[in-house]
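Asks: Below you will find the structure I want to go over with you.
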Amino acid sequence: MKLSQLRSRCRPHLWYQLYWVVYLIWFFWLDLTVTAPKYIIHSPLDDLIPFNEWFVLPYCSWFLLLAGVTAALWWCDTASYDKLCLTMFSGMTFCLIVYMILPNGLELRPAVETLGRDNPALRIMQLLWKADAAVNVCPSIHCQSSACMAMAFSHSKLAEGKPLRKALAWVWAALICLSTVFTKQHSVIDVACGLAVAFVWLPVAYRRVRALH
0 MKLSQLRSRC
10 RPHLWYQLYW
20 VVYLIWFFWL
30 DLTVTAPKYI
40 IHSPLDDLIP
50 FNEWFVLPYC
60 SWFLLLAGVT
70 AALWWCDTAS
80 YDKLCLTMFS
90 GMTFCLIVYM
100 ILPNGLELRP
110 AVETLGRDNP
120 ALRIMQLLWK
130 ADAAVNVCPS
140 IHCQSSACMA
150 MAFSHSKLAE
160 GKPLRKALAW
170 VWAALICLST
180 VFTKQHSVID
190 VACGLAVAFV
200 WLPVAYRRVR
210 ALH
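In terms of numbering that gives the first Met the number 0, the sequence shown has 31 at position 32, counting the first letter as 1, and numbering is strictly consecutive.
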(Lines of atoms letter the chains of each structure in order from A and count residues from 1; the text may use other names and numbers.)
(Lines give C-alpha, C1' and ligand atoms only; values in the text may rest on other atoms or scores of the structure.)
Protein backbone atom coordinates (compact mmCIF):
# COMPACT_ATOMS: atom_id res chain seq x y z
CA MET A 1 0.00 0.00 0.00
CA LYS A 2 1.27 3.44 -0.93
CA LEU A 3 1.92 6.01 1.80
CA SER A 4 -0.74 8.32 0.37
CA GLN A 5 -3.31 5.51 0.55
CA LEU A 6 -2.39 4.77 4.14
CA ARG A 7 -2.78 8.42 5.03
CA SER A 8 -6.19 8.51 3.40
CA ARG A 9 -7.22 5.60 5.62
CA CYS A 10 -5.93 7.38 8.71
CA ARG A 11 -7.70 10.68 8.01
CA PRO A 12 -10.18 11.39 9.35
CA HIS A 13 -11.43 8.00 10.54
CA LEU A 14 -8.54 6.99 12.78
CA TRP A 15 -8.85 10.19 14.77
CA TYR A 16 -12.20 9.02 16.08
CA GLN A 17 -10.13 6.95 18.50
CA LEU A 18 -9.14 10.15 20.29
CA TYR A 19 -12.49 9.74 22.02
CA TRP A 20 -10.80 7.18 24.26
CA VAL A 21 -8.74 9.95 25.85
CA VAL A 22 -11.94 11.80 26.79
CA TYR A 23 -13.64 8.61 27.90
CA LEU A 24 -10.83 7.37 30.15
CA ILE A 25 -10.37 10.72 31.86
CA TRP A 26 -14.13 11.04 32.39
CA PHE A 27 -14.58 7.43 33.55
CA PHE A 28 -11.73 7.40 36.06
CA TRP A 29 -12.70 10.83 37.37
CA LEU A 30 -16.15 9.43 38.13
CA ASP A 31 -14.59 6.29 39.59
CA LEU A 32 -12.60 8.41 42.03
CA THR A 33 -15.34 10.89 42.92
CA VAL A 34 -18.34 8.54 43.26
CA THR A 35 -17.30 6.76 46.44
CA ALA A 36 -20.76 6.52 48.02
CA PRO A 37 -23.27 5.77 45.22
CA LYS A 38 -26.78 7.06 45.81
CA TYR A 39 -28.47 4.12 44.11
CA ILE A 40 -27.61 0.44 44.74
CA ILE A 41 -28.55 -1.73 41.78
CA HIS A 42 -29.98 -5.13 42.64
CA SER A 43 -32.38 -7.69 41.22
CA PRO A 44 -33.63 -10.94 42.79
CA LEU A 45 -32.15 -12.68 39.75
CA ASP A 46 -28.69 -11.59 40.88
CA ASP A 47 -29.03 -13.79 43.94
CA LEU A 48 -29.74 -16.84 41.77
CA ILE A 49 -26.59 -16.40 39.69
CA PRO A 50 -23.57 -18.04 41.36
CA PHE A 51 -20.22 -16.33 41.43
CA ASN A 52 -17.77 -18.04 39.06
CA GLU A 53 -14.31 -16.55 38.83
CA TRP A 54 -13.47 -18.37 35.58
CA PHE A 55 -15.80 -16.02 33.76
CA VAL A 56 -13.09 -13.41 34.25
CA LEU A 57 -11.53 -14.86 31.08
CA PRO A 58 -14.39 -13.91 28.72
CA TYR A 59 -14.81 -10.72 30.74
CA CYS A 60 -11.23 -9.66 29.97
CA SER A 61 -11.56 -10.85 26.37
CA TRP A 62 -13.57 -7.66 25.84
CA PHE A 63 -10.25 -5.90 25.21
CA LEU A 64 -9.39 -8.39 22.44
CA LEU A 65 -12.82 -8.01 20.85
CA LEU A 66 -12.55 -4.23 20.99
CA ALA A 67 -9.09 -4.10 19.44
CA GLY A 68 -9.82 -6.78 16.84
CA VAL A 69 -13.17 -5.50 15.58
CA THR A 70 -12.11 -1.85 15.57
CA ALA A 71 -8.88 -2.54 13.68
CA ALA A 72 -10.50 -4.93 11.20
CA LEU A 73 -13.34 -2.56 10.33
CA TRP A 74 -11.04 0.45 10.11
CA TRP A 75 -8.81 -1.39 7.68
CA CYS A 76 -11.40 -3.24 5.60
CA ASP A 77 -14.78 -1.48 5.88
CA THR A 78 -14.70 2.24 6.64
CA ALA A 79 -18.48 2.64 6.56
CA SER A 80 -18.98 -0.06 9.20
CA TYR A 81 -16.12 1.39 11.24
CA ASP A 82 -17.84 4.79 11.21
CA LYS A 83 -21.10 3.22 12.37
CA LEU A 84 -19.29 1.38 15.14
CA CYS A 85 -17.76 4.64 16.37
CA LEU A 86 -21.15 6.37 16.20
CA THR A 87 -23.07 3.73 18.11
CA MET A 88 -20.40 2.76 20.63
CA PHE A 89 -19.01 6.18 21.51
CA SER A 90 -22.38 7.92 21.72
CA GLY A 91 -23.71 5.11 23.90
CA MET A 92 -20.69 5.24 26.18
CA THR A 93 -21.13 8.99 26.53
CA PHE A 94 -24.78 8.48 27.44
CA CYS A 95 -23.77 5.94 30.12
CA LEU A 96 -21.25 8.36 31.64
CA ILE A 97 -23.89 11.09 31.80
CA VAL A 98 -26.23 8.66 33.57
CA TYR A 99 -23.49 7.90 36.10
CA MET A 100 -23.15 11.61 36.83
CA ILE A 101 -26.89 12.21 37.22
CA LEU A 102 -27.71 8.92 38.96
CA PRO A 103 -24.57 7.75 40.80
CA ASN A 104 -25.05 4.02 41.24
CA GLY A 105 -23.18 0.99 42.46
CA LEU A 106 -23.30 -2.67 43.50
CA GLU A 107 -23.12 -4.73 46.67
CA LEU A 108 -22.80 -8.12 44.98
CA ARG A 109 -19.13 -9.00 45.25
CA PRO A 110 -18.43 -11.93 47.58
CA ALA A 111 -15.80 -11.87 50.29
CA VAL A 112 -12.91 -13.92 48.93
CA GLU A 113 -12.22 -15.61 52.27
CA THR A 114 -15.74 -17.09 52.29
CA LEU A 115 -15.23 -18.90 48.97
CA GLY A 116 -12.82 -21.46 50.38
CA ARG A 117 -10.71 -21.77 47.25
CA ASP A 118 -7.76 -20.24 45.50
CA ASN A 119 -6.86 -20.38 41.82
CA PRO A 120 -5.38 -18.15 39.08
CA ALA A 121 -8.79 -16.89 37.96
CA LEU A 122 -9.70 -15.82 41.47
CA ARG A 123 -6.41 -13.94 41.82
CA ILE A 124 -7.09 -12.12 38.56
CA MET A 125 -10.57 -11.35 39.84
CA GLN A 126 -9.17 -9.83 43.02
CA LEU A 127 -6.84 -7.61 41.01
CA LEU A 128 -9.78 -6.53 38.87
CA TRP A 129 -11.87 -5.66 41.92
CA LYS A 130 -9.03 -3.60 43.37
CA ALA A 131 -8.65 -1.64 40.14
CA ASP A 132 -12.36 -1.28 39.42
CA ALA A 133 -14.61 -0.08 42.24
CA ALA A 134 -18.20 -1.35 42.34
CA VAL A 135 -19.60 1.99 41.19
CA ASN A 136 -20.82 3.44 37.88
CA VAL A 137 -22.35 0.18 36.73
CA CYS A 138 -25.77 0.91 35.23
CA PRO A 139 -26.01 0.90 32.25
CA SER A 140 -23.16 -1.54 31.65
CA ILE A 141 -20.64 -0.09 29.20
CA HIS A 142 -19.07 -3.56 28.90
CA CYS A 143 -22.36 -4.92 27.52
CA GLN A 144 -23.29 -1.83 25.53
CA SER A 145 -19.99 -1.74 23.67
CA SER A 146 -19.91 -5.53 23.13
CA ALA A 147 -23.33 -5.41 21.47
CA CYS A 148 -22.22 -2.47 19.30
CA MET A 149 -19.14 -4.37 18.16
CA ALA A 150 -21.10 -7.53 17.33
CA MET A 151 -23.69 -5.45 15.51
CA ALA A 152 -21.10 -3.53 13.47
CA PHE A 153 -19.11 -6.63 12.56
CA SER A 154 -22.13 -8.71 11.57
CA HIS A 155 -23.32 -5.92 9.23
CA SER A 156 -19.87 -5.40 7.72
CA LYS A 157 -18.27 -6.64 4.51
CA LEU A 158 -16.16 -8.99 6.61
CA ALA A 159 -19.24 -10.99 7.60
CA GLU A 160 -21.17 -10.67 4.36
CA GLY A 161 -22.17 -14.16 3.23
CA LYS A 162 -20.31 -15.67 6.20
CA PRO A 163 -22.89 -16.73 8.81
CA LEU A 164 -20.24 -18.46 10.94
CA ARG A 165 -18.39 -15.19 11.43
CA LYS A 166 -21.63 -13.43 12.36
CA ALA A 167 -22.48 -16.15 14.85
CA LEU A 168 -19.00 -16.00 16.37
CA ALA A 169 -19.28 -12.25 16.89
CA TRP A 170 -22.63 -12.53 18.65
CA VAL A 171 -21.61 -15.57 20.74
CA TRP A 172 -18.46 -13.73 21.87
CA ALA A 173 -20.49 -10.65 22.79
CA ALA A 174 -23.04 -12.82 24.63
CA LEU A 175 -20.27 -14.53 26.63
CA ILE A 176 -18.91 -11.15 27.67
CA CYS A 177 -22.38 -10.06 28.80
CA LEU A 178 -22.82 -13.29 30.77
CA SER A 179 -19.40 -12.87 32.33
CA THR A 180 -20.37 -9.53 33.84
CA VAL A 181 -23.01 -11.16 36.05
CA PHE A 182 -21.08 -14.33 36.91
CA THR A 183 -18.10 -12.26 38.06
CA LYS A 184 -20.46 -9.96 40.00
CA GLN A 185 -19.19 -6.97 38.09
CA HIS A 186 -22.76 -6.13 37.12
CA SER A 187 -26.37 -6.79 37.97
CA VAL A 188 -28.73 -8.20 35.35
CA ILE A 189 -30.33 -4.75 35.43
CA ASP A 190 -27.05 -3.21 34.29
CA VAL A 191 -26.85 -5.72 31.45
CA ALA A 192 -30.41 -5.07 30.29
CA CYS A 193 -29.92 -1.31 30.37
CA GLY A 194 -26.56 -1.55 28.59
CA LEU A 195 -28.07 -3.64 25.79
CA ALA A 196 -31.01 -1.24 25.53
CA VAL A 197 -28.59 1.67 25.03
CA ALA A 198 -26.84 -0.28 22.26
CA PHE A 199 -29.90 -1.49 20.39
CA VAL A 200 -31.70 1.85 20.40
CA TRP A 201 -29.21 2.83 17.68
CA LEU A 202 -30.03 -0.15 15.44
CA PRO A 203 -32.76 1.51 13.32
CA VAL A 204 -30.69 4.71 13.10
CA ALA A 205 -27.26 3.39 12.11
CA TYR A 206 -28.41 0.43 10.00
CA ARG A 207 -31.58 1.80 8.40
CA ARG A 208 -29.99 1.82 4.92
CA VAL A 209 -28.64 -1.72 5.33
CA ARG A 210 -32.07 -3.09 6.17
CA ALA A 211 -33.67 -1.24 3.27
CA LEU A 212 -31.27 -2.95 0.82
CA HIS A 213 -32.45 -6.34 1.99
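All C-beta atoms, glycine included, are put in the ideal place defined by N, C-alpha and C.
1. Classify Y38: buried if its beta carbon has 16 or more other beta carbons within 10 angstroms, exposed otherwise.
2. G246 by DSSP, collapsed to three states: which one?
3. Between which two residues does the alpha helix (DSSP H) harbouring C59 extend?
4. In three-state terms, what does DSSP make of I40?
5. Mind checking whether A149 and A172 have CB atoms under 7 Å apart?
6. Please classify M91 as buried or exposed, where buried requires at least 16 other C-beta atoms within 10 Å of its C-beta.
7. Could you check what DSSP says for G67 in three-state terms: helix, strand or coil?
8. Mark W74 as exposed unless 16 or more other C-beta atoms lie within 10 angstroms of its C-beta, in which case mark it buried.
9. Would you kindly check if the distance between the Cβ of N103 and the Cβ of I40 is under 7 Å?
10. Between the segment 43–59 and the segment 173–181, can you find at least three pairs of beta-carbon atoms closer than 8 Å?
11. Can you tell me where the alpha helix (DSSP H) with F50 in it begins and where it stops?
12. Are D46 and S186 touching if we call contact CB-CB under 7 Å?
13. Hey, V68 and F152 are a contact pair by Cβ (cut 8 Å); roughly how many whole angstroms apart?
14. I need the DSSP call for V134, collapsed to helix, strand or coil.
15. Can the beta-carbon of C147 be found closer than 7 Å to that of T86?
Replies: Answer, in terms of the structure:
1. exposed
2. Nothing in the structure corresponds to residue 246, since the chain is present only between 0 and 212.
3. V55 to C59
4. coil
5. yes
6. buried
7. helix
8. exposed
9. yes
10. yes
11. Premise fails: F50 is in no alpha helix (DSSP H) and is neither H nor E.
12. no
13. 5 Å
14. strand
15. yes
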